[in-house]
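Q: Handing you a structure now.
Numbering (the numbering used here), first residue to last: 557 to 942.
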């Protein structure tokens with residue numbers, strides 16, 4: 557009732573009567589007059605336009621289109637997603653606009669579009685905080701390029717571009733386009749300590765050429781390979797799985813001690829089922845190794861073993877190979893060709909992408925996948941010679 561009361565105070569719902577079982581019936585209130593762009597500040601309109609025109613993220617463009625289409629009523633709910641399969645995306649889609657101050661969550665599944673940008677200090681994710689710490693340690697307030705950021709964060713090109721894009725949208729870094737994109741931090745740990753991971757060390761003296769960075773290592777990530785750190789970053793940025801983000805969050809907090817213990821989950825109030833499911837995923841991804849006492853060590857190098865694939869995963873890989881070979885395919889093609897359910901399809905393709913058995917590409921036609929293994933070189937991935 558508290559959620560309903562809050563929404564009612566904002567004139568977003570109205571009561572329409574009572575049922576015989578004493579339950580009140582509510583519906584979303586209809587605005588007397590549709591809102592127009594003039595009812596919003598230029599900053600709100602500009603921020604939405606920036607999302608709609610994103611050249612780097614199809615997800616940003618989708619979010620921008622939904623926000624623009626919802627301006628007239630001033631709020632967004634799951635019903636604004638025309639495809640029922642996508643309705644649950646509202647919770648992950650609205651994370652970025654909420655960070656940007658464009659929307660405010662007023663009840664589960666209900667977001668108000670703000671008339672003015674809410675100027676609050678963003679709450680970065682774990683991967684964003686780690687990135688800011690690494691960039692500050694390398695460059696301080698000096699400019700840097702994408703290549704410099706890749707060296708500083710010890711991540712691949714895709715993960716680095718994604719993080720720089722997110723930090724730019726959150727106004728935590730400036731981005732200027734000359735011959736190449738040049739970035740500069742807008743924050744520092746002295747003024748905004750909550751934006752950074754741990755206690756970032758002071759920046760090193762900038763090199764003569766600020767467009768090439770030294771190779772510092774964030775304190776918590778010292779000694780871990782780039783593959784391990786990039787896999788954690790991929791998990792932390794998952795837009796479809798709370799488990800992925802939770803695994804990354806807990807493992808990142810344990811990097812310094814190098815072990816993952818059941819007590820690390822208990823201290824956060826996570827259940828035994830979460831512990832079992834999360835460790836099974838992390839072990840299959842090669843991030844952790846189980847010890848005789850039941851605890852885990854965090855691997856310094858990624859130790860993915862295809863021999864540990866489950867039978868249903870090998871069956872899916874074999875079916876993909878027989879249906880598409882090395883051609884690209886979409887989830888829709890997967891469902892239509894192999895007659896799998898939609899929920900199984902998304903779960904299976906997601907897991908195989910994390911295992912680096914499939915490559916995922918974002919194109920103008922949507923998300924495309926391509927097989928990275930074959931029966932000759934990777935027989936352990938298939939149920940039989942295909």
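Virtual Cβ for every residue (Gly too), placed ideally from N, Cα, C.
1. For residue 679, which three-state DSSP category applies?
2. Using a Cβ-Cβ cut-off of 7 Å (strictly less than) and excluding sequence neighbours within five positions of residue 608, which residues of its own chain qualify?
3. I need the DSSP call for residue 604, collapsed to helix, strand or coil.
4. For residue 684, which residues from the same chain have a beta carbon less than 7 Å from its beta carbon, with the 5 sequence-adjacent residues on both sides left out?
5. Spatial neighbours of residue 604 within its chain, please: C-beta separation below 6 Å, excluding the five flanking residues on both sides.
6. Looking at residue 893 and residue 939, is the spacing between their C-beta atoms short of 8 Å?
7. Is the Cβ-Cβ distance between residue 601 and residue 658 less than 8 Å?
8. In angstroms with no decimal places, state the Cα-to-Cα distance between residue 705 and residue 590.
9. Under 8 Å: do the stretch 840-850 and the stretch 893-905 share three or more Cβ pairs, one atom per stretch?
10. With a Cβ-Cβ cutoff of 8 Å, do residue 844 and residue 829 count as a contact?
11. Determine the direct distance from the alpha carbon of residue 597 to that of residue 823, and round the result to whole angstroms.
12. For residue 685, which three-state DSSP category applies?
13. Between the beta-carbon of residue 968 and the beta-carbon of residue 842, is there less than 8 Å?
14. Cβ atoms of residue 782 and residue 711: under 8 Å apart, would you say?
15. Tell me whether the beta-carbon of residue 899 lies closer than 8 Å to the beta-carbon of residue 923.
A: Considering the structure as presented:
1. Reduced to three states, the DSSP call for residue 679 is coil.
2. 617, 620, 621, 624, listed in sequence order.
3. Three-state DSSP puts residue 604 in a helix.
4. Correct list, in chain order: 719, 722, 723.
5. Exclusion of the five residues before and after residue 604 leaves 620, 623, 624 as the residues of its chain whose Cβ lies within less than 6 Å of its Cβ.
6. Contact flag unset, no.
7. In this structure, residue 658 does not lie closer than 8 Å to residue 601 by Cβ.
8. Taking the straight line from one Cα to the other gives about 45 Å.
9. Cβ pair count under 8 Å is below three, so no.
10. For residue 844 and residue 829, no; Cβs fall outside 8 Å.
11. In this structure, the CA atom of residue 823 is about 43 Å from the CA atom of residue 597.
12. In this structure, residue 685 counts as helix in the three-state DSSP scheme.
13. This structure cannot settle anything about residue 968, because the visible part of the chain is limited to 557 through 942.
14. Yes, these two residues count as a Cβ contact at 8 Å.
15. For residue 899 and residue 923, no; Cβs fall outside 8 Å.
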